[in-house]
Amino acid sequence: AQKVTQAQTEISVVEKEDVTLDCVYETRDTTYYLFWYKQPPSGELVFLIRRNSFDEQNEISGRYSWNFQKSTSSFNFTITASQVVDSAVYFCALSEAGTYKYIFGTGTRLKVLA
Amino acid sequence: NAGVTQTPKFRILKIGQSMTLQCTQDMNHNYMYWYRQDPGMGLKLIYYSVGAGITDKGEVPNGYNVSRSTTEDFPLRLELAAPSQTSVYFCASSWDRAKNIQYFGAGTRLSVL
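Chains W and R, in that order, give the protein sequences.
Residues -3 to 110 (my numbering) make up the first sequence, in order.
Residues 94 to 206 (my numbering) make up the second sequence, in order.
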C-alpha cells in the first residue's frame, strides 16, 4: 500500500539556521513520483518540486535542496539559511505511475523565528 | 492567467443545508481533483475527473457529489451538510498523467454548524 510519512509535526528554528524536513514513503511500484508543496499562512498550496523514481540526483534551487534516496525510501527537503518567509506547512506527496492520484503526508509546520 | 479558481472562499452552513463549491481552471487541464484538508492532517482525495463526463471516487467520497460537463469546471456538491464536513476544500488540476504536477486553488473554508 502507498503511504507517506512526515514524522515531524512542527519544527521551530531561528532565522538563518538550516533545517531539514523529512519524508519517508512506501510504494510497491517501481515507477512513481514524489512532490513537495508549500502551504503558507495564506492557505494556498504552492508546488515546489517533482522527482521521478528513476532520477536520484539531488536538486538545488537557491536556498532549497532535496535529497532523494531510494535505498531508504526518503525524499528530504533542506532549507539553508532559513528566513521568516519560509514559515509554512510543507507537504510531501507520492503519486504512482498510472494512478495520477496523490497520497499526501500529514505535513510539517515550520516556524522560522526572527 | 488565473489558474484554478475556487468560490466561495468562506461559507457557513447549517446542518442539512446543501451547497455547491465551484472550481474553474483555465489551463485546459484534463485532470481535476477535489480534496479536503482537516486540521493536522494531509489532504484527502474526495473525487477526481480525467476528462469531461468522467468522474470517479477518491478516498472519502461519502456525502459529496461531482459532475464534469466541461473541461474547465468541476463543481463539488454537498447535499445534506453535516458537522463532519467542516473542513477546507481544495480543487486542483493537472495536465496529464505523466507530469502530474497538480495546481491548486486557494481553497474554500467551510463550517457546518
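Where is the CB? At the ideal position from N, CA and C, for every residue including glycine.
Using only CA atoms, which one of the options lies nearest to residue i?
i, options, result
"L169/R", "V205/R, N193/R and W127/R", "W127/R"
"F71/W", "P37/W, S83/W, D82/W and S49/W", "S49/W"
"S186/R", "G109/R, Q110/R, L106/R and T117/R", "T117/R"
"I139/R", "L171/R, N121/R, D131/R and K150/R", "K150/R"
"N121/R", "V143/R, S204/R, D131/R and K102/R", "V143/R"
"Q115/R", "Q99/R, G109/R, Y124/R and M125/R", "Q99/R"
"G146/R", "Q130/R, N123/R, Y157/R and P176/R", "N123/R"
"A89/W", "V10/W, F43/W and L30/W", "L30/W"
"A174/R", "T113/R, P132/R and I108/R", "I108/R"
"I45/W", "P37/W, P36/W and I56/W", "I56/W"
Would you mind sorting residue i into buried or exposed? The rule is 16 or more other CB atoms within 10 Å of its CB.
i, result
"T201/R", "buried"
"I105/R", "exposed"
"F64/W", "buried"
"F100/W", "buried"
"Q35/W", "buried"
"K97/W", "buried"
"T5/W", "exposed"
"D82/W", "buried"
Would you grab the beta carbon distance between residue i and residue j for me? Rounded to a whole angstrom, and I think it's under 8 angstroms.
i, j, result
"F87/W", "G96/R", "Between G96/R and F87/W the Cβ distance is about 18 angstroms, and since that is not below 8 angstroms, they are no contact."
"F197/R", "F183/R", "5 angstroms"
"T74/W", "T16/W", "5 angstroms"
What does residue i pair with, by DSSP beta-bridge criteria?
i, result
"N72/W", "N63/W"
"T27/W", "Paired residues: none, contrary to the question."
"A84/W", "L106/W"
Item checked: Start-end ranges of the alpha helix (DSSP H) lying completely within the segment 98 to 155 of chain R, minimum 4 residues -> none
Notebook entry, point to check: Which ranges does the beta strand (DSSP E) cover as unbroken runs of at least 3 residues, wholly within the segment 35 to 67 of chain W, from first to last along the chain?
Noted result: 42 to 48, 55 to 57 and 60 to 65
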